[in-house]
Every structure is written in structure tokens, then in C-alpha cells.
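In my numbering, the protein residues as written are 151 to 266.
Here it is in C-alpha cells:
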């Protein structure tokens, strides 16, 4: 996932980013946890913050994103005010099923070098 800001930002010193399914927390990233902090990368222009969720999200689910105040800050050290899923600022819906385009099942055979 990624979020793009209108100016250069950096991770704050504290704060959380949560993925929510209604009132249920699906995943929390806490900047005070080294592994969570390391999950985030900034683009070369410093405006896009990206990360990989690292777990399967529920299918056909409206996911809301909460970002706490101070999770990122600008070059002037001003904290981002934050957003809540309830505000509708950032929501997305996961696919209702995983699409399999093909399945290859190898035959049980023996091949010699040079044979196909």
C-alpha cells in the first residue's frame, strides 16, 4: 500500500497506522516497534510512503485506514494531523475472491536428459 503527500515527509518519532474492518483492527503498525518502523519506505522524492501489508486481508471487505497524528512530519517538523477510517479519508475494498488464471499439474513421468 502507499500514500502520497503534497510535500516531502519523514516518519515521525511515534504513532500508529491501522487497517480496520469496521471496529475490528486487522493490523497495527507502531513506529515505536523497530520491525513495524522498518516496514515503511519513502520514495526518492520523499512524498510517497509505501509498505507491504505482509498478511492476507479478508476477502470482499471494506478496509479503512487510520493514521495517527504525528505518524509523519514535514521538513519543517510539523506533524501530520492524522486521519481516521470513520472520516472516509482512505478506504478500499478487497477483492471478493482470488482469481486463478491457470493451474498446471505436472504429469507423473520420468524424463531423460535431452527429452522433453
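Beta carbons: idealized from backbone N, C-alpha and C, even for Gly.
Given the structure is predicted, the values throughout are model-derived calculations rather than measurements.
Limits of the unbroken alpha helix (DSSP H) element including residue i
i           : result
residue 186 : 184-188
Residue range of the unbroken beta strand (DSSP E) whose run includes residue i
i           : result
residue 176 : 174-180
When the options are compared against residue i, the one with the closest alpha-carbon
i           : options          : result
residue 158 : 263, 251 and 227 : 227
residue 218 : 155, 162 and 154 : 162
Three-state class that DSSP yields for residue i in the structure shown
i           : result
residue 236 : helix
residue 194 : coil
residue 155 : coil
residue 229 : strand
For residue j and residue i, the rounded distance between their alpha carbons
i           : j           : result
residue 202 : residue 263 : 41 Å
I'd like to know if the region 244-253 and the region 184-197 are in contact, where contact means that at least 3 CB-CB pairs between them fall below 8 Å. no
Taking 8 Å as the threshold, find out whether the region 206-224 comes into contact with the region 165-176 through three or more Cβ pairs. yes
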